[in-house]
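Colleague: For reference, each letter of the sequence shown is one residue, going 1370 to 1758 in my numbering.
C-beta atoms are modelled at their ideal positions from N, C-alpha and C, and glycine is treated no differently.
Before I ask anything, let me first share the structure, which is written out below as structure tokens.
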Amino acid sequence: MFSEAETEERYSRQIRFAPIGPRGQRRLGEASVLVVGAGALGASLAQHMVRAGVGRMRLVDRDFVELSNLHRQTLFDEEDAEAALPKAVAAAAKLRRANGRARIEAFVADVDKHNVEALVADTDLVLDGTDNAATRLLLSDACFSRGIPLVYGGVAGSAGMSALLVPGDHCCLRCLLGTEDASDVDETAQTCDTLGVISPAVEWVAALQASEALKLLTDNRAALRGTWVMLDVWNFAIKEWKLPPAVDSCPYCGWGERETAVMDRYSAAGVGGAALYRDGERDGRQTDDDPEAGAPVLLCGRDTFQLKLDPSVSLEEWKRLLLAAGCTITADNRYLVRALTVEGERIVVFAEGRSLIQGAGEADRVMTIYRHYLRGENRRDTVEKSDRV
């Protein structure tokens, strides 16, 4: 552990910034935050929080590091991609080397209705580094139910947006967007599947999110922006709207008027919704309660679908099943097994009971791959396996 003098030296330039000072730095050291997502936005947010001196950070992500991440996801390197390390694990390892005093908890998990309450519990602030509407709405519900501020951020192409939503001061994300459900989203909205994404846009949005987080955590509430900001770094355009108050009829934010959602205003201004809805969950593919692995969920920009599996089956069992089906194992660690099918698709099975299927193209093909390679159907040479599979 570091002495008081070492702490002062470490954060000396930040402490000299008058709005933070010694008192604000102590507050940061006492703070606890949750960063959801360890990709482009999440990795940058996590760095800002840990390097600024936040005492405790919980980091959760459902994905693993790939070569295509490295142009914009600044915590990762080629070794992480080669080993197919989960992003939360790889990020936490890097951040512990950057600040050994920070308490960092890494979770390899998909945030859903079953774990969201436990993840947000005992935190002072939640930072959104996700890439899909369904998770954002879950986070908003959990945060507003517990009175925890949520820093929203989204990026696609060269555009992004950000807002700090404070329970009691602003409406929740559902009311802000004027939607009850992620499936209400306009399916014609552009996403990173069509636009791609560039690193400068990510860093600009992350900077907006992190600055609001620092204001809140150091008790500089008078400096909070109180607005929804839209930006485009390529065309250099910035738009800003005052956040509406809470909605009286809403079970989460609970008071105010629901007359004009900010989304309506910025759509009228001619700005597309690319940065907001970047995940196939918006088209209703996700069914958490499906008894047989669930409907495939299309993830952002990668021709990748996610399926829920039986969490009681071990990685070693999944590995044996994949090998028996003729797959080639391309990565194998304590968190996941990655395999290449005979036809050239990629299957990644996570220890907590999820699978990513890459390169299948369509949901029907995904289910065919699932039944053949992960359930052993229509195959004479299937290995003997537990009835749990």
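In the DSSP output, which residue or residues are listed as bridge partners for H1539?
Modeller: Partner(s): P1536.
Colleague: Nearest by alpha-carbon distance to P1680: which of F1719, E1451 and A1461 is it?
Modeller: It is F1719.
Colleague: Where do the N-terminal and C-terminal ends of the alpha helix (DSSP H) with T1573 fall, by residue?
Modeller: Reading the sequence as shown, one finds Trp at residue 1573 and not Thr. Where W1573 is concerned, the enclosing alpha helix (DSSP H) stretches over S1568 to L1586.
Colleague: Go through its chain and collect everything with a Cβ distance to N1702's Cβ below 8 Å, but skip five positions before and after it.
Modeller: Excluding positions up to five away in sequence, the list reads A1452, A1453 and L1454.
Colleague: Check each candidate in E1721, G1411, S1724 and A1460 and name the one with the smallest Cα separation from S1568.
Modeller: It is G1411.
Colleague: Measuring CA to CA, which of G1722, L1705, R1723 and G1730 is closest to G1713?
Modeller: Checking every option, the nearest Cα to that of G1713 belongs to G1730.
Colleague: Can you tell me whether DSSP reads A1528 as helix, strand or coil?
Modeller: Correct three-state label for A1528: strand.
Colleague: As a quick exercise: from V1480, A1511 and V1566, pick the residue whose alpha carbon is nearest that of D1491.
Modeller: Nearest C-alpha to D1491: A1511.
Colleague: Could you tell me which residues DSSP pairs with Q1521 in its beta bridges?
Modeller: It is worth fixing the name first, because residue 1521 is Tyr in this sequence and not Gln. For Y1521, which the question treats as bridged, DSSP gives the partners A1532.
Colleague: Looking at C-beta atoms only, is the number of pairs between the stretch 1436-1452 and the stretch 1387-1397 that lie closer than 8 Å three or more?
Modeller: Short answer: they don't touch.
Colleague: Leaving out five residues before and five after S1724 in sequence, what residues of the same chain have Cβ atoms less than 6 Å from its Cβ?
Modeller: Excluding positions up to five away in sequence, the list reads L1676, L1678 and V1718.
Colleague: How many angstroms separate the CA atom of G1728 from the CA atom of A1528?
Modeller: Near 27 Å, if we compare the C-alpha coordinates of A1528 and G1728.
Colleague: Contact between the stretch 1492-1506 and the stretch 1455-1464: three or more CB pairs below 8 Å?
Modeller: The stretch 1492-1506 is not in contact with the stretch 1455-1464.
Colleague: May I ask you to report which of helix, strand or coil DSSP gives E1746?
Modeller: Of the three classes helix, strand and coil, the one that applies to E1746 here is coil, per DSSP.
Colleague: Which of the three DSSP states is assigned to D1497 in this structure?
Modeller: In the structure shown, D1497 sits in a strand (DSSP, three-state: E or B).
Colleague: Quick check on this structure: which residue in A1409, L1496 and G1469 has the alpha carbon closest to the alpha carbon of F1445?
Modeller: Comparing Cα-Cα distances from F1445 to each of A1409, L1496 and G1469, the minimum goes to A1409.
Colleague: Would you tell me roughly how many angstroms separate the C-alpha atoms of I1517 and N1484, rounded to the nearest one?
Modeller: So the alpha carbons of these two residues sit roughly 16 Å apart.
Colleague: May I ask you to report which of helix, strand or coil DSSP gives T1737?
Modeller: In the structure shown, T1737 sits in a helix (DSSP, three-state: H, G or I).
Colleague: Alpha carbon to alpha carbon, how far is E1746 from Y1380? Give it in angstroms, no decimals.
Modeller: Cα to Cα, the separation comes out at about 59 Å.
Colleague: When DSSP labels each residue in this structure, what does A1700 get in the three-state scheme?
Modeller: The answer is strand: DSSP assigns A1700 an E or B state.
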